[in-house]
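Here is the structure we will look at.
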Amino acid sequence: MNGNVITVERTIPAPPEAIFNLLSDSARHPEIDGSGTVKRPRTVDSTRLQMGSNFGMAMQMGFKYSMANRVIEYQENRRIAWQTRAPGVAGLVVGGRIWRYELEPVPGGTLVRESWDVSRDHQRLLLKLGGMPTRTEGNMTRTLERLERILRNPAQGGPGTLA
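Shown next, in the form of structure tokens:
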């Protein structure tokens, strides 16, 4: 991993608004997560994410844990990013990575860029070692594949109408 950011991208044949609606609904994050670690929202809140929103997720990667997230970047239908930390005082020393989605209209749909940014993470040096960057890149690729599948299939909660 060179630098602190890994980015994957995929053109999804859907309008940015449909993709952004999925990303800004934290209750849907377990459906789109390509890593399999996001299990469920810690609280059921149907409020659409916006700048400054806080939301928690129950997670599992070998063991159960939870993460507290805060939306730190927001441009309707174009960009959303949240920073994730351990809840409570542990968040002062654990976490800080940023998950970012950028949407760009292109012929045939929307170019979606997902980034994993560890520039502000307390464990950035550890996260950049070993297989974590490669594994994360694969997980992000699967996330974008899931986004497209959901948008194509109305039975999975997608709109069923693509661009």
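Each residue of the sequence shown is one higher than the one before, counting from 28 in my numbering.
Idealized CB from N, CA, C, for every residue including glycine.
**Message:** Just verifying my parser: in three-state terms, what is the DSSP assignment at ASN104?
**Reply:** Here residue 104 corresponds to residue number 77 of the sequence shown, with the count starting at 1. The DSSP-derived three-state label of ASN104 is coil.
**Prompt:** Nearest-angstrom Cα distance between GLU129 and ARG140?
**Reply:** Numbered from its first residue, the sequence shown carries residue 129 at position 102. Numbered from its first residue, the sequence shown carries residue 140 at position 113. Taking the straight line joining both Cα atoms gives about 5 Å.
**Request:** Determine, using beta carbons only, whether ALA41 and THR168 come nearer to each other than 8 Å.
**Result:** In the sequence shown, residue 41 corresponds to position 14, counting from 1. In the sequence shown, residue 168 corresponds to position 141, counting from 1. No, the pair does not count as a contact, with Cβ atoms beyond the cut-off.
**Request:** For SER51, count neighbouring C-beta atoms within 10 Å of its own C-beta (all shown protein chains included) and say buried if the count is 16 or more, exposed if not.
**Result:** In the sequence shown, the residue the question calls residue 51 occupies position 24. When all chains shown are included, SER51 counts as buried.
**Message:** Once DSSP output is grouped into helix, strand and coil, what is the label at PHE90?
**Reply:** Translated into the one-based positions of the sequence shown, residue 90 becomes position 63. Of the three classes helix, strand and coil, the one that applies to PHE90 here is coil, per DSSP.
**Request:** Would you tell me roughly how many angstroms separate the C-alpha atoms of PHE82 and ASN48, rounded to the nearest one?
**Result:** Position 55 of the sequence shown, counted from the start, is the residue given in the question as residue 82. Position 21 of the sequence shown, counted from the start, is the residue given in the question as residue 48. Approximately 16 Å between the Cα atoms of the pair.
**Message:** So that I know if they touch, is there some Cβ in chain D lying closer than 8 Å to that of ARG169?
**Reply:** As a matter of chain content, chain D is missing from the structure shown, which is built from one protein chain.
**Asked** Do you know offhand how far THR163's Cα is from ASP60's?
**Response** Stepping through the sequence shown from its first residue, residue 163 is reached at position 136. Stepping through the sequence shown from its first residue, residue 60 is reached at position 33. Those two C-alpha atoms are separated by around 11 Å.
**Nearest neighbour of VAL121, chosen from ALA95, GLY30 and PRO43 [CA to CA]** = Mapped onto the sequence shown, residue 121 falls at position 94. Measuring from the Cα of VAL121, the nearest candidate turns out to be ALA95.
**Prompt:** Can you give the beta carbon distance from ARG106 to PRO43, rounded, assuming they're within the 8 Å contact cut?
**Reply:** Here residue 106 refers to the residue found at position 79 of the sequence shown. Here residue 43 refers to the residue found at position 16 of the sequence shown. Taking the Cβ atoms as the reference, ARG106 lies roughly 10 Å from PRO43, outside the contact range of under 8 Å.
**Message:** Here's the rule I'm using: 16 or more other beta-carbon atoms within 10 Å means buried, otherwise exposed. How should GLY115 be labelled?
**Reply:** Along the sequence shown, read from residue 1 onward, the residue named residue 115 stands at position 88. Result: exposed.
**Request:** Look at ASP144 and ASN29 and say whether their C-beta atoms are less than 8 Å apart.
**Result:** Reading the sequence shown from its first residue, position 117 is the one you call residue 144. Reading the sequence shown from its first residue, position 2 is the one you call residue 29. Taking 8 Å as the Cβ cut-off, ASP144 and ASN29 do not qualify as a contacting pair.
**Prompt:** Going along the chain, which residues of its own chain have a beta-carbon closer than 7 Å to the beta-carbon of ILE36, five neighbours each way excluded?
**Reply:** Numbered from its first residue, the sequence shown carries residue 36 at position 9. Reading off the sequence shown, one finds Glu at residue 36, where the question assumed Ile. Cβ neighbours of GLU36 beyond the five flanking positions: LEU138, VAL139 and ARG140.
**Prompt:** Is the CB-CB distance between GLN102 and ARG147 below 8 Å?
**Reply:** The residue labelled residue 102 in the question sits at position 75 within the sequence shown. The residue labelled residue 147 in the question sits at position 120 within the sequence shown. No, the Cβ-Cβ distance between GLN102 and ARG147 is not below 8 Å.
**Item:** Whether SER80 touches VAL98 by CB criterion (8 Å)
**Value:** Counting from 1 along the sequence shown, the entry for residue 80 is found at position 53. Counting from 1 along the sequence shown, the entry for residue 98 is found at position 71. Yes.
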